[in-house]
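Student:
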Amino acid sequence: MAAAVCDVAVIGLGAMGSAALCRVARRGFSAIGIEQFSPGHDRGSSHGESRAIRLGYFEHPSYVPLARAAYERWEELERLTGESVLTRTGVLEIGRPGSILVAGSSEASRLHGIEHEVLDAGEIMQRFPQFTLPADYNGVWQRDGGYVRADLANRLHLKLAKDAGAEVIENRKVLRIEPEAGAIRVVTDSGAIEAGSVVVAAGAWIGELVPQLAPVLKLTRQVLCWFEAKQPEAVAQGKLPVFAIDGPDDLAYGFPDLGLGFKCASHHSSGALASADVARQDAGPADEAQMRRFLDAYLPGAAGRLKAMKTCIYTRTPDEDFVVDLLPEDSRIVVASPCSGHGFKFASVIGEVLADLATTGETHHDISRFSLARVAA
Ligand SMILES: Cc1cc2nc3c(=O)[nH]c(=O)nc-3n(C[C@H](O)[C@H](O)[C@H](O)COP(=O)(O)OP(=O)(O)OC[C@H]3O[C@@H](n4cnc5c(N)ncnc54)[C@H](O)[C@@H]3O)c2cc1C
């Protein structure tokens, strides 16, 4: 069978691959996206109703310019499609004394001139009476924070990619990447594709295709819960912002009810996974009990009847920063592992970065923090 030929092949069509395929195709390059399952599947990291987005970035202030660019590109996606992708509910980050969540977020906001307020526990409870907080807690309020509609955003990126001529191949697994003199050969379980360059956006499977990442990336089981709220107004859109609370036992976050129930989850791992393929929908009573304990302490109107639980995978680097880089051995191969549980909000701009790297070998965005060498070494 003759190999299909394209300028850029994108391996993996989660949030990052879909966004990259969209950018590459809209620039006029021939592009093929390859996904081992069907796009929108629930076995990776990108599915679901919502992901939090915020500007004042507690993880490190250097993410702020990228976050700003991500906001602009989500708005561009809205203009191009006429759909509502990004909703600003405000973001409230609350922590116990000394919490990095509060200190990091207010510092990043201060350094980058982002509108924010630092509030003590009393001020938070006055403004958002659904929270019950110890007196020594405080928080940061950012008006521009909110959520991105994740499934919708991924679907829209893929639609725009196809509209611009990209081919999407579903249910086909890439087995290996073979760099040759004239092209990169992408060998799948059903034929091969020859591409001028390749974006590897394989999420929790990336270690199979980029072996230097396999020993350093940790895959963790993450559990999401949806509750029918005891007090619906406590979690209603317009009443509850997207929030995160850094308590002594857990760092958990939640979203206003978008119609499916009140969604919340812990950012901490609930177990290491030996590979992405062993992940199961196995959330159970212990996961529910942990979430209930947390909510009953801080948001007592939230955890009524359990409506649903789901597991999802975080792909974590040792320092929890992303990997977005050219492969040192072959600069036609772009490696994208922007996860550690906080990548989605950036997908709109990471797609652009990946398209830049795949088509020109460089990008004007500052991705120096995301080098492969720092982790692969
Ligand atoms: C529970 C949870 C909550 C999160 N909350 C937030 C949040 O609030 N805000 C935020 O910014 N981020 C959040 N994140 C992180 C964010 O969702 C991820 O950073 C992002 O989805 C990663 O996207 P990805 O495209 O790299 O990976 P994935 O979504 O896993 O996509 C990779 C794709 O590659 C495919 N693939 C893999 N190997 C192959 C192969 N060999 N051949 C073909 N296809 C292949 C997979 O099937 C998959 O579809 C959260 C993540 C989780 C799990």
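In my numbering, the protein residues as written are 1 to 377.
Even for Gly, the Cβ is constructed at its ideal location relative to N, Cα and C.
Owing to the predicted nature of the structure, the values given are computational and were not obtained by experimental measurement.
Is the closest heavy atom of ligand 1 to the C-beta of His342 under 7 Å?
Tutor: Yes.
Student: Within 10 Å of its beta-carbon, does Pro328 have 16 or more other beta-carbons around it, so buried, or fewer, so exposed?
Tutor: Its Cβ having fewer than 16 others within 10 Å, Pro328 is exposed.
Student: Can you tell me whether Leu77 sits near ligand 1, meaning its C-beta is under 7 Å from at least one heavy atom of the ligand?
Tutor: Leu77: no, Cβ never under 7 Å from ligand 1.
Student: Can you look up Lys159 in the DSSP assignment and give me helix, strand or coil?
Tutor: Helix, per DSSP.
Student: Could you tell me whether the segment 179 to 191 touches the segment 275 to 292, using the rule of 3 or more Cβ pairs below 8 Å?
Tutor: Taking 8 Å as the limit for Cβ pairs, the verdict is that the segment 275 to 292 does not touch the segment 179 to 191.
Student: Could you tell me if the beta carbon of Ser45 falls within a distance shorter than 7 Å of some heavy atom in ligand 1?
Tutor: Yes, the Cβ of Ser45 comes within 7 Å of a heavy atom of ligand 1.
Student: Measure the CB-CB distance between Val8 and Ala347 and report whether it falls below 8 Å.
Tutor: Against a cut-off of 8 Å, the Cβ pair of Ala347 and Val8 comes out as no contact.
Student: Among Cys22, Thr363 and Asp144, which one has its Cα closest to the Cα of Val242?
Tutor: When each option's Cα is compared against that of Val242, the closest is Asp144.
Student: Using 10 angstroms around the beta-carbon of Gln237, count the other beta-carbons present and answer buried if the total reaches 16, otherwise exposed.
Tutor: Exposed: under 16 other Cβ atoms inside 10 Å.
Student: Helix, strand or coil for Lys230, going by three-state DSSP, please let me know.
Tutor: Correct three-state label for Lys230: coil.
Student: Take Thr363 as the anchor and find which of Arg374, Leu326 and Ser270 has the nearest alpha-carbon.
Tutor: Among Arg374, Leu326 and Ser270, the Cα nearest to that of Thr363 belongs to Leu326.
Student: If you count every other CB in all the chains shown that lies within 10 Å of the CB of Ile94, and 16 or more means buried, which is it?
Tutor: Classification of Ile94: buried, given that the 10 Å Cβ count is 16 or more.
Student: Is the separation between the beta-carbon of Val148 and that of Trp226 shorter than 8 Å?
Tutor: Their beta carbons are not under 8 Å apart, which means Val148 does not touch Trp226 by this criterion.
Student: What's the gap between the Cα of Ser84 and the Cα of Arg23?
Tutor: Cα-Cα distance, rounded: 19 Å.
Student: Using the DSSP secondary-structure output, state which residues sit across from Trp141 in a beta bridge.
Tutor: Looking at the DSSP assignment, Trp141 forms a beta bridge with Leu92 and Glu117.
Student: Comparing C-alpha positions only, which one of Gly247, Ser337, Trp141 and Ile53 sits nearest to Ser99?
Tutor: Out of Gly247, Ser337, Trp141 and Ile53, Gly247 has the C-alpha closest to the C-alpha of Ser99.
Student: Between His41 and ligand 1, is the CB less than 7 Å from at least one heavy atom?
Tutor: Correct: His41 has its Cβ closer than 7 Å to ligand 1.
Student: Taking C-alpha atoms, which residue in Thr317, Arg305, Val210 and Ala181 lies nearest to Lys230?
Tutor: Lys230 has its Cα closest to that of Arg305, out of Thr317, Arg305, Val210 and Ala181.
Student: Does any heavy atom of ligand 2 sit closer than 7 Å to the C-beta of Ala153?
Tutor: This structure simply doesn't include ligand 2; it includes ligand 1 instead.
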